[in-house]
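Enquirer: Please find one structure pasted underneath; my questions will follow.
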Amino acid sequence: MTKLAEGGFNKVFKLLMDNDSVVIARIPDPIVGRASRVKTVLKIPVPKVLSWSEDDTNEVEAAYILMEPAKGTQLGEIWQDMEKDAKMTLVEDLVAIQKKFASVTFSCYGSLYFAADAFPGCVKAGITGAVTPETKDYVESRFVVGPSAERSFYEPKQALGSLECGPWPSAHKYLETLVDRERLKLASNSSLPSSESDTARNDRLSLLHKFEAVSPYILPQETRLSRPTIWHWDLRSPNLFVEHGRITSVIDWQDVWIGPLFLQAKRPRLVQYHGAITLRLPDGYEEMEDKDEKARVTQQVEKSILFWCYGEDIKTRNPELHELLILPLARKRKETVKFASEISEGDVTPLRECLIQLMRHWVDLGTGVDCLIDFTEEEIAAHDQEAESWNEIADCWSALHGFVARDGWTSLENYEEAVDLFKRLREEGLKNLDGDELVEFERESRWVVESTSIDGKGSARETRGVE
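Residue numbering for the sequence shown follows my numbering, starting at -5 and increasing by one per position.
Structure below.
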């Protein structure tokens, strides 16, 4: 038995059986809806599930899932060496997979469970869309939609014990629950730094109140664009396996739930690009002597082409997704929901920035009503000053792009180097900070000291792409 990874939601092991066959075992975190991981509804290629147990009184003394290994080669291992045309073929596969996600609408919002594992609060899972009558009957008889399995709805327990966690009949009801959840957390004070003043805490509540006021208008006016859908939010190369040039398996489903299409749908990371669009190599490209510059130009053109091809492909094959991606302020509206859902623990600057931008561009949303929130000139000036420091931190994370993601994810290959980097950053912080700021920094960076290597003394704790 070999441990492959340990993420925030599960431990993953490779088991070599007596007959030389290989089985992948997952030991899931108890708070996550275990049965909802087994995806059979949309005919998406996933590793075959051999067996599972929800009962931790079994011989293993833990819930588990046994699966066949993912078919093919992990895309992250070969992506950089692939030819552009081969990459474009995989982009077509990604569009086809996302089209399947968008083709099925569920009856409500929440997490998906087997009907055999249903508990109070679950409702029958009804579906409509591009499905056969047999599939519709199968889903309605085998599955239920229940409360969200997302960890943030249950921790801390003392603050959220009375919170209704779904299922929700509408997208706006889901947003209302996000507000209720964050308000309960703020009231408990358990998620806030001990050094934070009452004024700062009230600022969080004020921003949450502003979000609550605009939340009905953040969602698209057409309800079909926020209908309940399943969506894999993390279609990046470590979670995709390929064989003979096509996608043969998709892994890392633990965060998947039935959510509003508008908030779920996004470009896969493989085709995300924020630079200038350049679809042709420049004149004089062949004569360029600076190898680094030539490689940069090559990469810019390739990323531009993949970005453009994905956009053109969804226009014809998944026009509804294209419609979502070009909605006015689409990215800012999604970010507003994201930052509001983390306001009890996260930075206040990003949410305030989103709300200010929504206020300034309110007319672009086409709500037909006057803007429901306001910031004074003094508040905006203070925010701009605070945002400068926040942007410096954001620039630091941008510099780490491709090495360590802002959510803490890094590959197994980069894990040791990433831990060393953050240990050095911790040492610098401990030298240069003092007072309450030093105490808070020491507490929040203590995880670096507790991190260990992956050579048998520990494991990469955020390698969610390895399965």
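Glycine included, C-beta positions come from ideal geometry on N, C-alpha and C.
Nearest to residue 143 by alpha carbon, out of 106, 121, 179, 222?
Expert: Residue 106 is the option with its Cα nearest to residue 143.
Enquirer: Pull up the distance between the alpha-carbon of residue 52 and that of residue 293, whole angstroms please.
Expert: Each residue's alpha carbon lies about 51 angstroms from the other.
Enquirer: For the beta strand (DSSP E) holding residue 140, just list the boundary residues, first then last.
Expert: Residue 140 -> beta strand (DSSP E) spans 137 to 140.
Enquirer: Secondary structure at residue 70, three-state DSSP: helix, strand or coil?
Expert: In this structure, residue 70 counts as helix in the three-state DSSP scheme.
Enquirer: Can you tell me which residues form a DSSP beta bridge with residue 106?
Expert: The partner list for residue 106 (beta bridge, DSSP) reads 139.
Enquirer: Mind checking residue 127: buried by the 16 CB within 10 Å criterion, or exposed?
Expert: Counting Cβ neighbours within 10 Å, residue 127 comes out exposed, since fewer than 16 surround it.
Enquirer: By the 10 Å Cβ neighbour count, where 16 or more other Cβ atoms means buried, how is residue 245 classified, buried or exposed?
Expert: It counts as buried.
Enquirer: Since residue 74 and residue 235 are thought to touch, with beta carbons under 8 angstroms apart, how far apart are those beta carbons, to the nearest angstrom?
Expert: In fact, because the Cβ distance is near 16 angstroms, the residues do not count as touching under 8 angstroms.
Enquirer: Run through DSSP, which three-state label would residue 123 get?
Expert: DSSP places residue 123 in strand when its eight states are reduced to three.
Enquirer: Would a C-beta distance cut-off of 9 angstroms place residue 170 and residue 220 closer than the cut-off?
Expert: Not closer than 9 angstroms, so no.
Enquirer: With DSSP collapsed to three states, give me the class of residue 330.
Expert: Looking at residue 330 - three-state DSSP - the assignment turns out to be helix.
Enquirer: May I have the straight-line CA-CA distance separating residue 79 from residue 409, to the nearest angstrom?
Expert: So the two alpha carbons sit approximately 31 angstroms from each other.
Enquirer: Taking the straight line between their C-alpha atoms, what separation do you get for residue 230 and residue 264?
Expert: C-alpha separation (whole angstroms): 6 angstroms.
Enquirer: May I ask which residues mark the beginning and end of the beta strand (DSSP E) holding residue 237?
Expert: Taken as a continuous stretch (DSSP letters only), the beta strand (DSSP E) holding residue 237 covers 234 to 237.
Enquirer: Please check the pair residue 224 and residue 95, which I expect to be a contact at CB under 8 angstroms, by giving their CB distance rounded to whole angstroms.
Expert: Residue 224 to residue 95, Cβ: 6 angstroms. Contact.
Enquirer: In angstroms with no decimal places, state the Cα-to-Cα distance between residue 166 and residue 325.
Expert: Roughly 18 angstroms between the two C-alpha positions.
Enquirer: Within 10 angstroms of the Cβ of residue 121, are there 16 or more other Cβ atoms? Answer buried if so, exposed if not.
Expert: That one is buried.
Enquirer: DSSP three-state label for residue 447, please.
Expert: In this prediction, residue 447 has a pLDDT of 47, which is less than 50 and means its spatial position is unreliable; what the coordinates show is noted afterwards. Reduced to three states, the DSSP call for residue 447 is coil.
Enquirer: Check residue 31 in the structure and name its three-state DSSP category.
Expert: Unreliable positioning characterises residue 31 in this predicted model, as indicated by a pLDDT of 40, which lies under 50. The coordinate reading is nonetheless provided below. Helix at residue 31.
Enquirer: From residue 159 to residue 93, what distance separates their C-alpha atoms?
Expert: Going from the Cα of residue 159 to the Cα of residue 93 covers about 28 angstroms.
Enquirer: Measure the Cβ-Cβ separation of residue 44 and residue 55 and say whether it is below 9 angstroms.
Expert: It is not a contact, given that the beta carbons lie outside the stated cut-off.
Enquirer: Evaluate residue 233 with the Cβ neighbour count: other Cβ atoms within 10 Å of its Cβ, from every protein chain shown; 16 or more gives buried, anything less gives exposed.
Expert: That one is buried.
Enquirer: For the stretch 325 to 345 against the stretch 168 to 182, are there 3 or more C-beta pairs whose distance is under 8 angstroms?
Expert: Yes: the two stretches touch, three or more of their Cβ pairs being nearer than 8 angstroms.
Enquirer: Measure the CB-CB distance between residue 271 and residue 139 and report whether it falls below 9 angstroms.
Expert: It is not a contact, given that the beta carbons lie outside the stated cut-off.
Enquirer: Output the boundary residues of the beta strand (DSSP E) element that contains residue 346.
Expert: Residue 346 -> not in any beta strand (DSSP E); alpha helix (DSSP H) instead, spanning 343 to 354.
Enquirer: Could you tell me which of 347, 237, 419, 267 sits nearest to residue 71, measuring between CA atoms?
Expert: Among 347, 237, 419, 267, the Cα nearest to that of residue 71 is on 237.
Enquirer: For the alpha helix (DSSP H) containing residue 99, list its first residue and its last residue.
Expert: Where residue 99 is concerned, there is no enclosing alpha helix (DSSP H), although the beta strand (DSSP E) it sits in stretches over 98 to 100.
Enquirer: Under a three-way DSSP split, which group does residue 222 fall into?
Expert: Strand.
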